[in-house]
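Chemist:
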Amino acid sequence: MLRILATVLSIRRDLVDAIVEHARKDHPDEACGVIAGPAGTDRPERFVPMLNAARSPTFYEFDSMDLLRLYREMDDNDEEPVVVYHSHTATEAYPSRTDIAYANEPGAHYVLVSTRDEDTHEFRSFRIVDGVVTEEEVQVIDGE
1 MLRILATVLS IRRDLVDAIV EHARKDHPDE ACGVIAGPAG TDRPERFVPM LNAARSPTFY
61 EFDSMDLLRL YREMDDNDEE PVVVYHSHTA TEAYPSRTDI AYANEPGAHY VLVSTRDEDT
121 HEFRSFRIVD GVVTEEEVQV IDGE
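Be aware that the sequence shown starts at 1, since it is given in UniProt numbering, and climbs by one per residue.
See the structure below:
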């Protein structure tokens, strides 16, 4: 079945705040994680911060055992990764060549947060399918 991808990420403010907080907390290393949602809904609901196994300021890598546990959990809950996020600590919030190469969830929104500026942050979302990067609008929704 061909699934048409939305070109807008609608996400609750508390989830945006949680991503930014995680990115700030892990700085100067890149932070990473997933927001799971009910399968087929494109609705991010459950914030799952992950450990950057690379512990690097320029690269992120999910721990393989943590990732396996997460996918089993999502499977049990009939969820899928709606958002895959990570931070850039010294550059703009735009996917690097490595980010593009490792993007293996064609249905997910890839969110990047830049923490290069101590006082502000950049929060952007992209679709990455077959190596093609498309920026999309982010619609922040108040409330639960």
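Don't be surprised by glycine CBs; every beta carbon is placed ideally from N, CA and C.
Because the structure is a prediction, the values reported are computed rather than measured.
#1: Which residues does DSSP pair with Val113 in a beta bridge?
#2: Below 8 Å on the Cβ atoms is my guess for Phe59 versus Glu30; work out the distance and round it to an integer in Å.
#3: Do the CB positions of Asp42 and Gly107 come within less than 9 Å of each other?
#4: Looking only at its chain, what residues have a beta carbon closer than 8 Å to the beta carbon of Glu92, apart from the 5 residues adjacent to it on each side?
#5: For Met50, which of Asp78, Val140 and Ala18 has the nearest alpha-carbon?
#6: What is the DSSP secondary structure of Ser56, reduced to helix, strand or coil?
#7: Pop quiz: Val48 and Leu70 are said to be a contact at Cβ under 8 Å. What is the actual Cβ separation, rounded to whole angstroms?
#8: Indicate whether Ala36 and Val82 have their beta-carbon atoms separated by less than 9 Å.
Modeler: Considering the structure as presented:
#1: On the sequence shown, position 113 is the one that residue 113 refers to. According to DSSP, Val113 bridges with Ser87 and Phe123.
#2: Position 59 of the sequence shown holds residue 59. Position 30 of the sequence shown holds residue 30. Between Glu30 and Phe59 the Cβ distance is about 7 Å, and since that is below 8 Å, they are a contact.
#3: In the sequence shown, counting from the first residue as 1, residue 42 sits at position 42. In the sequence shown, counting from the first residue as 1, residue 107 sits at position 107. Yes.
#4: Position 92 of the sequence shown, counted from the start, is the residue given in the question as residue 92. Non-local beta-carbon contacts of Glu92 in its own chain, meaning distances under 8 Å to residues more than five positions away in sequence, involve Ser114, Arg116 and Glu122 in chain order.
#5: Along the sequence shown, read from residue 1 onward, the residue named residue 50 stands at position 50. Check the Cα spacing between Met50 and each of Asp78, Val140 and Ala18: the tightest is with Ala18.
#6: The residue labelled residue 56 in the question sits at position 56 within the sequence shown. Looking at Ser56 - three-state DSSP - the assignment turns out to be coil, as it is neither helix nor strand.
#7: The residue you call residue 48 lines up with position 48 of the sequence shown. The residue you call residue 70 lines up with position 70 of the sequence shown. So it is a contact: roughly 6 Å between Cβ atoms.
#8: The residue given as residue 36 occupies position 36 in the sequence shown. The residue given as residue 82 occupies position 82 in the sequence shown. Cβ atoms of Ala36 and Val82: closer than 9 Å.
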